[in-house]
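Encoded as structure tokens, the structure appears first; notes follow it.
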């Protein structure tokens, strides 16, 4: 598959382009490479190269088209919240390229994260969500996908139609029984989207893959990275991946979610807005369930984008993911 992302980014011609770009970007900062770049990771959706320079180790990342917003988004977030997001050394937004300084081990690499560590990650990210909630147009201008509640029903139809129409034998094709069950679940998707749109929390930044492995700790501060899966969506969707990862690691989730909820409760109270339990809308548990439903749709759609430039072998390895995530909303209706 000549136009596959992973094929393109492992070609000699592409590596030469990257070398020229990184050399120029480093030279502008008075740095130069001390050894050839090492391509440490290649996936259908991104690749990373590590470069040793006379000014320390740096990382180059290139995203597929569906995630190409990441460099511009990280640059903008670093301007808005430099205490939470590290500024890239250089970006080439049109090509989805970014150069960043090495910040050492992630929080997960430093130690086994405790509930307190998880709580710090989630509450700090809640603050970032609150800081950017009123800056929708700026964030969307980076190419960040708009997956806010009102857009979810249409996205559900698109993803379901796409997976259903794949040829027999395709790794992502939905069997007819599952597709029919998802058809019947459409009213629940509409209800969930409506409940979130009518709820007290605004759409904002949703990381898409928030956990201690995507956070580094320097000088006691936590900085989030890996924003290729980010979306403009309901804030509570961020809890879906986080809770799964935490529970898989044996971390008690309840105090972590309680800390995140308290951050948003304080934000609402500071603005004189109704809280989660005042009876004017669905309570926290109802909002969480609704966000789980919309997240299933948005994550399935993100996987479709991540695999849009995949090889046949990559589809065979990861192709079940879009249908698995979309079908996850059926579990919430059981």
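Residue numbers (the numbering used here): 1347 to 1680. Cβ coordinates follow ideal geometry from the N, Cα and C atoms, glycine included.
Quiz item: Between which two residues does the alpha helix (DSSP H) carrying residue 1530 extend?
Solution: 1522–1530
Self-check item: Inter-residue Cα distance where the pair is residue 1288 and residue 1504
Solution: Absent from the model: residue 1288. The displayed extent of the chain is 1347 to 1680, so no value can be given.
Exercise. Answer yes or no: do residue 1698 and residue 1637 have a C-beta to C-beta separation smaller than 8 angstroms?
Key: Examination of residue 1698 is not possible in this model, given that the chain is present from 1347 through 1680 alone.
Exercise. Entirely within the segment 1556–1641 and at least 3 residues each: give me those beta strand (DSSP E) ranges in chain order.
Key: 1561–1564, 1567–1570, 1577–1579
Quiz item: Do you know offhand how far residue 1347's Cα is from residue 1353's?
Solution: Caution applies to residue 1347, whose pLDDT of 47 falls short of 50 and renders its modelled position unreliable; the value that the coordinates give is listed next. Cα to Cα, the separation comes out at about 8 angstroms.
Self-check item: Separation of residue 1652 from residue 1575, as counted between CA atoms
Solution: 9 angstroms
Quiz prompt | Residues sharing a beta bridge with residue 1402, DSSP | solution = 1399
Exercise. Please state whether DSSP places residue 1409 in a helix, a strand or coil.
Key: strand
Practice problem: Per DSSP, which residues does residue 1552 bridge with? Please list them. | Solution: 1577
Exercise. Can you give me the Cβ contacts of residue 1392 inside the same chain, cut-off strictly under 7 angstroms, excluding the 5 residues immediately before and after it?
Key: 1407, 1408, 1409, 1410, 1413, 1574
Quiz item: Using CA coordinates, which residue listed in 1533, 1589, 1594 is at the minimum distance from residue 1606?
Solution: 1589
Practice problem: Starting from the Cα of residue 1547, find the closest Cα among 1431, 1518, 1619, 1362 and give me that residue. | Solution: 1619
Practice problem: Using only alpha-carbon positions, find the residue among 1621, 1371, 1550, 1630 that is nearest to residue 1475. | Solution: 1550
Exercise. Take every Cβ of the segment 1426–1440, pair it with every Cβ of the segment 1475–1490, and state whether three or more of those distances are shorter than 8 angstroms.
Key: yes
Quiz item: If you draw a straight line from the alpha carbon of residue 1349 to that of residue 1356, how long is it in whole angstroms?
Solution: 12 angstroms
Quiz item: Quick one, are the C-beta atoms of residue 1506 and residue 1525 less than 8 angstroms apart?
Solution: yes
Quiz item: By Cβ distance below 8 angstroms, which residues in the same chain neighbour residue 1435 in space, the five residues on each side in sequence not counted?
Solution: 1371, 1372, 1375, 1404, 1445, 1446, 1447
Exercise. Please report how far the alpha carbon of residue 1453 lies from the alpha carbon of residue 1555, in whole angstroms.
Key: 15 angstroms
Quiz item: Between the C-alpha atoms of residue 1459 and residue 1610, what's the straight-line distance to the nearest angstrom?
Solution: 23 angstroms
Exercise. To the nearest angstrom, report how far apart residue 1477 and residue 1564 are at their CA atoms.
Key: 22 angstroms
Quiz prompt | Coil, strand or helix - residue 1675 by DSSP | solution = helix
Self-check item: For residue 1456 and residue 1670, the rounded distance between their alpha carbons
Solution: 32 angstroms
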